[in-house]
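**Student:** This is the structure, below, for whatever I ask next.
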């Protein structure tokens, strides 16, 4: 029998687990690491990241108050990178936007 375990939900995949995955995956290219990050954030596995998915996994990275409120930051990231205007990010929008923004590159593709 094959493995039928579903993709983890945001509550099952913790920030610690994400950091462990990043630390144990050797990337030499921003594009590869950003593609990997996109796949982690795409909880629904529909090829798009919406504000809820970004917030749920990114919430632990930011302070919970002030300018770094994770809900506010998720909305800002979506608004900044969403070229198509559908309030979701496809993989191409995510990778292209992160490559052009040093702050986002540091969050989603550190150590490359």
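In UniProt numbering, the protein residues as written are 1 to 112.
We treat Cβ as the ideally placed atom computed from N, Cα and C, and that holds for glycine.
(1) What is the C-beta distance between residue 88 and residue 57, in whole angstroms, given that I count them as a contact (C-beta under 8 Å)?
(2) Please state whether DSSP places residue 88 in a helix, a strand or coil.
(3) Under 8 Å: do the segment 29–43 and the segment 72–81 share three or more Cβ pairs, one atom per stretch?
(4) Based on Cα-Cα distance, which residue from 26, 100, 54, 110 lies nearest to residue 76?
(5) Going by beta-carbon coordinates alone, are residue 113 and residue 92 separated by less than 7 Å?
(6) Smallest Cα separation from residue 108: which of 78, 79, 37?
(7) Helix, strand or coil for residue 95? Go by DSSP, reduced to three states.
**Tutor:** Reading off the structure:
(1) No, residue 88 and residue 57 are not in contact; Cβ-Cβ is about 15 Å, not under 8 Å.
(2) strand
(3) no
(4) 54
(5) Nothing about residue 113 can be reported from this structure: the residues present for the chain run from 1 to 112 only.
(6) 37
(7) helix
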